[in-house]
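Protein chains: 2
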Amino acid sequence: MDRSVEFRKQKVQCLSKADLSRKGCVAEGVVDVMQVLNTWEQFFTTSSCVGRKLLIDGKASGNEVLKFEPLVLHMQCRQLQDAQLLHSVAVDSDFRNSGITVGKKGMTMLAVWSTLGLEVPLSNQGKLMVTEEYIDFLLNTAHQKMEENKKRTESFWFYNCLPRALERETITNSHPKIKEKNNPSCSPKKERNPAKAHGKRIPEENDKEMENDVDDD
Amino acid sequence: MDRSVEFRKQKVQCLSKADLSRKGCVAEGVVDVMQVLNTWEQFFTTSSCVGRKLLIDGKASGNEVLKFEPLVLHMQCRQLQDAQLLHSVAVDSDFRNSGITVGKKGMTMLAVWSTLGLEVPLSNQGKLMVTEEYIDFLLNTAHQKMEENKKRTESFWFYNCLPRALERETITNSHPKIKEKNNPSCSPKKERNPAKAHGKRIPEENDKEMENDVDDD
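As structure tokens, then:
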């Protein structure tokens, strides 16, 4: 079967399946994003999480941990070239922990994930190590990260940069001689930090001004 | 130029370059790993960090954050097929945040990264929110994660699973009719958690027994 036809068939099958997540439906806040993404013929979303706070309770050790995990999307791509484009836009839009997975049968998936996380140990062998005031502060910090994450997702990536990149790609493919430059408003830090092109492990804080290595031992 | 020849040339050039990292040399603990990895003709390491603790000091807002980041390796791969194999072994070996990047010229890179992180806000607008005892506890927790990370890296992935997978691949390619099953000792959680195949976002704690979503608002 032709690759594009097979992909369209998979897309229809996947999007018509029952939602097997714990909530049983797509989380509020990610619905619009998914609807926009699924209008593009090159992709479809296979799973999503708008972001969440988790309390991980290590009963055996009495070590509780509070985690905040940002929005994650898994997107199946028609071909590697589509995944490359999507990955490039994701990294430029501060979803820097995104990465491609290629299955043995050539199924190409992009996991889209930002660096806006938190992972905070709260107790040690059953003893609470922090105050209630600190826990309130943490929850507030997680809430702010969630808002920032949502802002990046909606206004920057899905309604601006990705559609523009896909349009440029379409124009370039139709008229191979046209070599448009990236729109600078969609690549805000590219020139400042070329290491970002690899999409991994550049510590990030909006207000960061100093960064110190702490003695490892 | 033949792809394999070009790749070997790039490898030689890259590995003979001066080290431009802040430390000016490869960190102790990752040297052996890199030496082992660079013996395989399919890959070479382009950057590495054995893991680090960072104090991020937001001077503008007075918000200090302590981060622990685990080992990260960037590996250039000869072709996509090699990256697929490496990615699969990495995910099965609990380096679950690993992902492939494919450049426009077909340069294929794998970023290898585990989920063993910490990100803990310490102060709010200049006010320290935690005790010194808690900071000691955090540093100790980060140290334990570093040890766990090293253990996974050395004994599990580089000296066991990856070499075995590469040998299986060589045998299968030489004798296409041989379809060996995965070695169960190198895929410890594959059957328990099929979602892992996507390589992203499965919360993980050695001692986790319960996991609760916390109200997002």
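First to last, the sequence lines map onto chains A and B. Reading the first sequence from the start, the letters are residues 992 to 1208 in my numbering. Reading the second sequence from the start, the letters are residues 992 to 1208 in my numbering. Quick reminder that beta carbons are idealized off the backbone N, C-alpha and C, glycines included. In this text the structure is predicted, and so the values were computed from the model without any measurement.
Residues near residue i in its chain [Cβ-Cβ closer than 6 Å; skip 5 each side]
{"i": "residue 1066 (chain A)", "result": "1034, 1036 and 1101"}
{"i": "residue 1137 (chain B)", "result": "1042"}
{"i": "residue 1092 (chain A)", "result": "1100"}
{"i": "residue 1077 (chain B)", "result": "1101"}
{"i": "residue 1040 (chain B)", "result": "1063"}
{"i": "residue 1182 (chain A)", "result": "Interpretation of residue 1182 (chain A) is limited by its pLDDT of 37, a score under 50 that renders its predicted location unreliable; no figure is taken from the coordinates."}
{"i": "residue 1184 (chain A)", "result": "The predicted position of residue 1184 (chain A) is uncertain, since its pLDDT is 38 and thus under 50; no value can be drawn from it."}
Reduced DSSP category for residue i - H, G, I as helix; E, B as strand; rest coil
{"i": "residue 1029 (chain B)", "result": "helix"}
{"i": "residue 1103 (chain A)", "result": "strand"}
{"i": "residue 1088 (chain B)", "result": "coil"}
{"i": "residue 1024 (chain A)", "result": "helix"}
{"i": "residue 1113 (chain A)", "result": "coil"}
{"i": "residue 999 (chain B)", "result": "helix"}
{"i": "residue 1118 (chain A)", "result": "strand"}
{"i": "residue 1174 (chain A)", "result": "Caution applies to residue 1174 (chain A), whose pLDDT of 47 falls short of 50 and renders its modelled position unreliable; the model cannot decide the point."}
Residue i versus residue j: straight-line alpha-carbon distance, rounded
{"i": "residue 1125 (chain A)", "j": "residue 1105 (chain A)", "result": "25 Å"}
{"i": "residue 1270 (chain B)", "j": "residue 1108 (chain A)", "result": "With chain B covering 992 to 1208 only, the question about residue 1270 (chain B) has no answer from this structure."}
{"i": "residue 1143 (chain A)", "j": "residue 1155 (chain B)", "result": "42 Å"}
{"i": "residue 1110 (chain B)", "j": "residue 1141 (chain B)", "result": "19 Å"}
{"i": "residue 1074 (chain B)", "j": "residue 1122 (chain B)", "result": "45 Å"}
{"i": "residue 1061 (chain B)", "j": "residue 1165 (chain A)", "result": "44 Å"}
{"i": "residue 995 (chain A)", "j": "residue 1069 (chain A)", "result": "7 Å"}
{"i": "residue 1031 (chain A)", "j": "residue 1096 (chain B)", "result": "24 Å"}
{"i": "residue 1051 (chain A)", "j": "residue 1059 (chain A)", "result": "22 Å"}
{"i": "residue 1094 (chain A)", "j": "residue 1071 (chain A)", "result": "11 Å"}
{"i": "residue 1196 (chain B)", "j": "residue 1049 (chain A)", "result": "Reliability of the predicted coordinates at residue 1196 (chain B) is poor, the pLDDT of 36 falling under 50, and the value obtained from them is presented with this limitation in mind. Straight-line Cα distance between these residues: approximately 8 Å."}
{"i": "residue 1135 (chain A)", "j": "residue 1083 (chain B)", "result": "33 Å"}
{"i": "residue 1131 (chain B)", "j": "residue 1129 (chain A)", "result": "21 Å"}
{"i": "residue 999 (chain B)", "j": "residue 1000 (chain A)", "result": "41 Å"}
{"i": "residue 1008 (chain B)", "j": "residue 993 (chain A)", "result": "45 Å"}
{"i": "residue 1127 (chain B)", "j": "residue 1133 (chain B)", "result": "10 Å"}
{"i": "residue 997 (chain B)", "j": "residue 997 (chain A)", "result": "35 Å"}
Closer than 8 Å at the beta carbon, the chain B residues around residue i
{"i": "residue 1219 (chain A)", "result": "Given a span of 992 to 1208 for chain A in the structure shown, any question on residue 1219 (chain A) remains unanswerable."}
{"i": "residue 1111 (chain A)", "result": "1109, 1110, 1111 and 1112"}
{"i": "residue 1071 (chain A)", "result": "1071 and 1093"}
Same chain, Cβ closer than 7 Å to residue i, neighbours up to 5 away in sequence not counted
{"i": "residue 1053 (chain A)", "result": "1114, 1116 and 1117"}
{"i": "residue 1103 (chain A)", "result": "1063, 1064, 1066, 1081, 1086 and 1089"}
{"i": "residue 1029 (chain B)", "result": "1006, 1035 and 1036"}
{"i": "residue 1046 (chain A)", "result": "1055 and 1057"}
{"i": "residue 1119 (chain A)", "result": "1113"}
{"i": "residue 1002 (chain B)", "result": "1035"}
8 Å Cβ shell around residue i - same chain, five flanking residues per side excluded
{"i": "residue 1005 (chain B)", "result": "1035, 1037 and 1067"}
{"i": "residue 1098 (chain A)", "result": "1067"}
{"i": "residue 1157 (chain B)", "result": "1031, 1033 and 1076"}
Chain-ordered neighbours of residue i on chain A, where CB pairs are closer than 7 Å
{"i": "residue 1117 (chain B)", "result": "Here the premise fails: no neighbours, minimum Cβ distance about 12 Å."}
Contacts that residue i makes with chain A (C-beta to C-beta distance below 8 Å)
{"i": "residue 1161 (chain B)", "result": "Ordered by position in chain A, no residue passes the 8 Å Cβ test against residue 1161 (chain B), which lies about 17 Å from the chain."}
Under 9 Å from the C-beta of residue i: neighbouring residues of chain A
{"i": "residue 1128 (chain B)", "result": "1112, 1115 and 1120"}
Cross-chain neighbours of residue i in chain B, by beta carbon under 7 Å
{"i": "residue 1089 (chain A)", "result": "1090"}
{"i": "residue 1075 (chain A)", "result": "1093"}
Neighbour flag for residue i against chain D, beta carbons, 8 Å
{"i": "residue 1132 (chain B)", "result": "No chain D is present in this structure, whose protein chains are A and B."}
Uninterrupted alpha helix (DSSP H) stretches inside the segment 1031-1086 of chain A (no shorter than 4 residues) = 1071-1083
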